[in-house]
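Structure first, then comments.
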Amino acid sequence: MTNPSYATTLSQAGNAPFWRGLKLSDHLYALFILAVAGVVFQRYHAAMDVYEHAILAGSALSLVALGWFWKPVRLFFPLAGLLALGAVALYGDDLGRGQTAFWLKYVLASQSAAMWMCVLFFLATAIYWVGLLRRSNTADAIASGLTWAAAGAAVVWFFVRWYEGYLIGPDVGHVPVSNLYEVFIMFCFITAMMYLYYEQRFATRRMGAFVLLIISAAVGFILWYTFDRQAHEIQPLIPALQSWWMKIHVPANFVGYGAFAIAAMLGVAQLLAARGILKSHLPSYDILGEVMYKAIAVGFLFFTIATILGAMWAADAWGGYWSWDPKETWALIVWLNYAAWLHVRLVKGWRGDILAWWSVVGLLVTTFAFLGVNMFLSGLHSYGTL
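Structure representation (structure tokens):
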């Protein structure tokens with residue numbers, strides 16, 4: 047029987063305003079983030095357009111909210127941000143210092159940070175597998191730390207590349223979400239951060255071996271695209287992408303892609319566990335299924351937002367919300383696929399292998415919608431070709 051006084055306390059806590067539960071450390075963290083955003087605005091606002099001002103403000107408020115919700119990012123984002131600001135300070139107004147200043151050339155220039163990110167993700171993947179196969183908590187902890195470090199390198203890359211673009215020229219600088227090289231790094235970062243949240247939320251690091259495989263595959267693409275196509279070179283935006291819609295549509299899309307990728311890899315793990323392969327090494331079958339469901343739910347929400355934003359961008363650019371362009375058509379297919387997945391789980395009560403298989407196939411559909419359409423079909427989105 048529930049203790050009446052305890053139940054009353056819970057009821058009162060549930061009815062209390064959110065801000066009443068904040069502690070001094072919460073307020074200090076918020077003040078720090080807002081102060082850093084203020085310094086960034088004061089120093090670089092002249093090089094940013096009004097939409098980038100809004101992105102800076104929105105990012106600061108989002109970081110405050112995220113830090114209140116998920117405590118580890120309170121240290122992660124300030125440290126990564128300070129490293130990025132350090133790189134900006136080392137550059138000054140001279141892009142050429144990227145080849146002469148030691149810390150820029152080997153660590154903090156955008157391309158250096160990207161290469162560190164790639165190495166750290168590869169190492170994390172290997173050590174997660176060591177931890178999984180040997181049931182080593184130490185290896186798991188090291189792999190988790192390497193994943194945090196790789197995500198931090200991606201944050202440094204993002205802000206430093208943004209600044210480097212403006213050093214090249216005001217008409218060249220842009221938020222780095224405009225081509226496959228840039229968005230694949232964004233995919234690695236978003237997928238890693240979402241996984242790290244679920245890792246803490248469910249108190250298990252044994253999912254990392256599978257999730258990091260998909261990130262390592264993306265890293266392999268980044269390396270190929272960098273060295274074979276020189277895709278890391280900063281280029282001016284093509285006219286079709288010179289829109290503030292890009293700055294919100296693309297990140298929302300990649301939250302969806304990252305979540306769907308996590309779900310698919312956990313689906314693979316669940317299918318293996320169901321057949322007795324690594325069953326004693328992995329989290330329980332039900333935990334894998336629960337994380338898969340939560341990832342798809344979050345991904346579906348953000349993919350829906352991205353699709354709506356994309357329709358609004360299309361109306362602004364081409365005069366109509368929907369034109370059945372191949373990219374739009376396949377985005378609708380992806381949306382319907384995951385809408386159906388959530389429907390059968392929530393309404394019909396489906397569980398088990400069928401949803402795991404569905405999540406794996408869903409990632410294949412999503413991959414074709416993202417890359418395959420650009421490679422094999424033509425349309426209004428053909429500027430995204432390889």
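So the sequence shown is numbered by my numbering: it starts at 47 and just counts up by one.
The beta-carbon is built from N, C-alpha and C at its ideal position, and this holds for glycine as well.
Neighbourhood of Leu385 by C-beta, 8 Å cutoff - its chain only, sequence neighbours within 5 removed: Here residue 385 refers to the residue found at position 339 of the sequence shown. Residue identity differs from the one stated: residue 385 is Ala in this sequence, not Leu. Here the set comprises Phe346.
4-residue-minimum alpha helix (DSSP H) runs that sit fully inside the stretch 137-181, ordered along the chain: Fully enclosed alpha helix (DSSP H) runs of 4 or longer: 156-180.
Proximity of Val265 and Cys164 at Cβ, strictly below 7 Å: Taking the first residue of the sequence shown as 1, we reach residue 265 at position 219. Taking the first residue of the sequence shown as 1, we reach residue 164 at position 118. Cβ distance < 7 Å, so Val265 and Cys164 count as in contact.
Test item: CB-CB of Phe300 and Phe267 under 7 Å: One-based indexing of the sequence shown puts residue 300 at position 254. One-based indexing of the sequence shown puts residue 267 at position 221. With respect to the 7 Å criterion, Phe300 and Phe267 are not classified as neighbours on the basis of their beta carbons.
Three-state secondary structure assigned by DSSP to Thr54: Start at 1 with the first residue of the sequence shown, and residue 54 comes out as number 8. Any answer about Thr54 is weak, because its pLDDT of 46 lies below 50 and its placement is not dependable; what the coordinates show is given next. Thr54 carries a helical assignment under DSSP once its states are collapsed to helix, strand and coil.
Length of the line joining the Cα atoms of Asp371 and Tyr271: Position 325 of the sequence shown holds residue 371. Position 225 of the sequence shown holds residue 271. For Asp371 and Tyr271, the distance between alpha carbons rounds to 26 Å.
Sequence-distant residues of its chain with Cβ nearer than 8 Å to Gly198 (five each side left out): Within the sequence shown, the letter at position 152 stands for residue 198. If we look at Gly198 and ignore the five residues flanking it on each side, its Cβ neighbours are Phe122, Leu125, Ala126, Leu129.
Contact belief for Leu324 with Leu318 at Cβ below 8 Å, rounded distance in angstroms: The residue you call residue 324 lines up with position 278 of the sequence shown. The residue you call residue 318 lines up with position 272 of the sequence shown. In this structure Leu324 is in contact with Leu318, their Cβ atoms being roughly 6 Å apart against a cut-off of 8 Å.
Run of the alpha helix (DSSP H) containing Lys325, from where it starts to where it stops: Residue numbering aside, residue 325 sits at position 279 when the sequence shown is read from its first letter. No residue range can be given for Lys325, since it is assigned to no alpha helix (DSSP H) and is classified by DSSP as neither H nor E.
Beta carbon of Pro2 nearer than 7 Å to that of Arg391: Residue 2 is absent from the structure shown; the chain starts at 47 and stops at 432.
Status (buried if at least 16 other CB within 10 Å, exposed otherwise) for Met421: Here residue 421 refers to the residue found at position 375 of the sequence shown. Here Met421 is exposed, its C-beta having fewer than 16 other C-beta atoms within 10 Å.
Any non-hydrogen atom of the ligand GDP closer than 6 Å to Tyr271 Cβ: Questions concerning the ligand GDP fall outside what the structure shown contains, since it holds no ligand whatsoever.
CA-to-CA distance, Tyr152 to Ala133, given in whole angstroms: As a working mapping, residue 133 is identified with position 87 in the sequence shown. As a working mapping, residue 152 is identified with position 106 in the sequence shown. Counting only the Cα atoms, Tyr152 lies some 11 Å from Ala133.
Residue span of the alpha helix (DSSP H) that contains Asn183, given as start and end: Here residue 183 refers to the residue found at position 137 of the sequence shown. For Asn183, the enclosing alpha helix (DSSP H) stretches over residues 183-214.
Span of the alpha helix (DSSP H), counted from its first residue to its last, around Thr250: Locating residue 250 in the sequence shown gives position 204, counting from the first residue. Counting along the chain, Thr250 sits inside no alpha helix (DSSP H), nor does DSSP assign it H or E at all.
Cutoff 8 Å; reference Val110; Cβ partners in own chain excluding five residues on either side: Counted from its first residue, the sequence shown places residue 110 at position 64. Counting only Cβ-Cβ distances below 8 Å, and skipping sequence neighbours, we find Tyr75, Ala76, Ile79, Leu80.
Among Ala352, Leu355, Ala309, Thr353, the one whose alpha carbon lies nearest that of Ile333: Stepping through the sequence shown from its first residue, residue 333 is reached at position 287. Answer by Cα proximity: Ala309.
For Arg89, three-class secondary structure by DSSP: Locating residue 89 in the sequence shown gives position 43, counting from the first residue. If DSSP states are grouped into helix, strand and coil, Arg89 belongs with the helices.
Burial state of Ala285 (16 or more Cβ within 10 Å): Translated into the one-based positions of the sequence shown, residue 285 becomes position 239. For the sequence presented, residue 285 should be read as Pro rather than Ala. Flag for Pro285 reads exposed.
Start and end residues, alpha helix (DSSP H) containing Phe422: Stepping through the sequence shown from its first residue, residue 422 is reached at position 376. Residues 419-422.
Entirely enclosed beta strand (DSSP E) segments - the stretch 277-328, minimum 3 residues: At a cut-off of 3 residues, not a single continuous stretch assigned as beta strand (DSSP E) sits fully inside the stretch 277-328.
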